[in-house]
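Q:
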Ligand SMILES: NC(=O)c1ccc[n+]([C@@H]2O[C@H](COP(=O)([O-])OP(=O)(O)OC[C@H]3O[C@@H](n4cnc5c(N)ncnc54)[C@H](O)[C@@H]3O)[C@@H](O)[C@H]2O)c1
C-alpha cells in the first residue's frame, strides 16, 4: 500500500471520466491520495489498471469501460459507481477529445465528422455526465467540476492579475480568449461547457452542490504530447499531477467555496489555485452570497 498523502477528502465518493490516462488518471490518483474513494471510466479497457492502482493507495475504487457520449453507457456507469461507492459527492467531467479543424481547408465530410466527434464527447458527454450525476450529488451536496481549456479565457481579464510573479510571460498583455485557427470546433465545445457550468451552479446552489469549470494550458498528457511529436516537450509545459493538485485544492474550499467560476491554470505560470474570477464573483452576487 502506497498510503494516503493527506486525508482531506476521506469519506468522499468521487467519479472521474476519461481516467485511463492523462489528466483524468492524475485527477483520480490525486483524489485517492487525498483519501476519496474513486470510480473511473474510459473508452479504453486499461482504465481497470487505474482502478487497481487506486486500491493500492488504500481507497475503494470502481471502474467500467464507458463512452461519455453514449447515453446508456454513461448513465449506467454513474449509477453503478454510486452503488459501488455508496453515493457520489465529487464528479470530475474530464473526458475530452481534440481535432485540428481549419475552416478554410477542410472538406465538407471532415467538417461534419469533426463536429459530431468533438462536440459529441466534449459537450454532449459533459452534459450527459452532469445530468446523470446530479440526482446523486443533490442527495448531500458536493462538487461538479467540468474540464475545459485555457483557450476560453482571456488571460489577465480583468480580475486576475499577474502580480504573483515578475517573470510572467503574460504580464502587461491581454491574451485573446481563443486557441486560434485550427480550434473552432474544440474551443466552441469548451465554451458550451461554460454555459452548462454557469446555469448548473445557480440551479444546484440550494442543494449544496458547487459547479465550476476548470481549464488548463499545455499539460504533458498523451493528447498534448501527440501535438508535440518527436520535438522536445516545450519549456513551461505543466505536469498532470501539478494540475490535479489544484483541483484538490478547489474541492477543499468546501461548501462555502466558489461556484460558477471559470478557473484556469496556464502553462508557463506557477500552477496554483487563483483567486475567484469574474464568473465566480458574478454568480456569488446573483446567489446573494
Ligand atoms: N493536455 C492538455 O494540454 C489539455 C489542455 C487543455 C484542456 N485539456 C482537457 O483536459 C481533458 C483531458 O485531456 P488529456 O490531455 O488528459 O487527454 P488524453 O487524450 O491524454 O486523455 C483523455 C482520456 O479520455 C479518454 N476518452 C476519450 N474519449 C472518451 C469518451 N468518449 N468517453 C470516455 N473516455 C474517453 C481517452 O481514452 C483518454 O484515456 C480533456 O477534456 C481536454 O480537452 C487538456
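In the numbering used here, the protein residues as written are 7 to 295.
Note that CB positions come from ideal geometry on N, CA and C, so glycine has one too.
These numbers were taken from a predicted model, which means no experiment stands behind them.
#1: In terms of residues, what are the limits of the beta strand (DSSP E) holding residue 189?
#2: Can you tell me whether residue 285 is buried or exposed, with buried defined as 16 or more other CB within 10 angstroms of its CB?
#3: Please look up how many angstroms separate the CB atoms of residue 94 and residue 19, rounded, as I've assumed it's under 8 Å.
#4: Let's see if you can read the secondary structure: which residues bound the alpha helix (DSSP H) around residue 232?
#5: Taking contact to mean 3 or more Cβ pairs, one atom from each stretch, closer than 8 Å, check whether the segment 236–245 and the segment 219–228 are in contact.
#6: In whole angstroms, give me the CA-to-CA distance for residue 59 and residue 68.
#7: Taking the alpha helix (DSSP H) that residue 134 falls in, what are its first and last residues?
#8: When every heavy atom of ligand 1 is checked, does at least one fall within less than 6 Å of the C-beta of residue 101?
#9: Could you check whether the Cβ of residue 138 sits closer than 6 Å to any heavy atom belonging to ligand 1?
#10: Secondary structure at residue 14, three-state DSSP: helix, strand or coil?
#11: In whole angstroms, give me the CA-to-CA distance for residue 296 and residue 114.
#12: Jot down the residue ranges of each uninterrupted alpha helix (DSSP H) in the segment 199–270, minimum 4 residues, whole runs only, in chain order.
#13: To the nearest angstrom, how far is it from the Cα of residue 52 to the Cα of residue 72?
#14: For ligand 1, is there any heavy atom lying closer than 6 Å to the beta carbon of residue 44?
#15: Can you tell me whether residue 118 is helix, strand or coil according to DSSP?
#16: Ligand 2 heavy atoms versus the CB of residue 245: any closer than 6 Å?
#17: Inspect the beta-carbon positions of residue 44 and residue 143 and report whether they are closer than 7 Å.
#18: Quick one: measure Cβ to Cβ for residue 221 and residue 156, integer angstroms, because I've assumed they're closer than 8 Å.
#19: Pick helix, strand or coil for residue 292, following the three-state DSSP scheme.
#20: Taking residue 41 and residue 70 to be in contact with their CB atoms under 8 Å, please state how far apart those CB atoms are, rounded to whole angstroms.
#21: What's the C-alpha gap between residue 139 and residue 132?
A: Reading off the structure:
#1: Careful: residue 189 lies outside any beta strand (DSSP E) and carries neither H nor E.
#2: buried
#3: 5 Å
#4: 228–234
#5: yes
#6: 11 Å
#7: 132–143
#8: yes
#9: no
#10: coil
#11: With the chain covering 7 to 295 only, the question about residue 296 has no answer from this structure.
#12: 228–234 and 246–257
#13: 12 Å
#14: no
#15: helix
#16: Absence of ligand 2 from the depicted structure is noted, with ligand 1 being the only ligands included.
#17: no
#18: 5 Å
#19: helix
#20: About 22 Å separates the two Cβ atoms, so there is no contact after all.
#21: 10 Å
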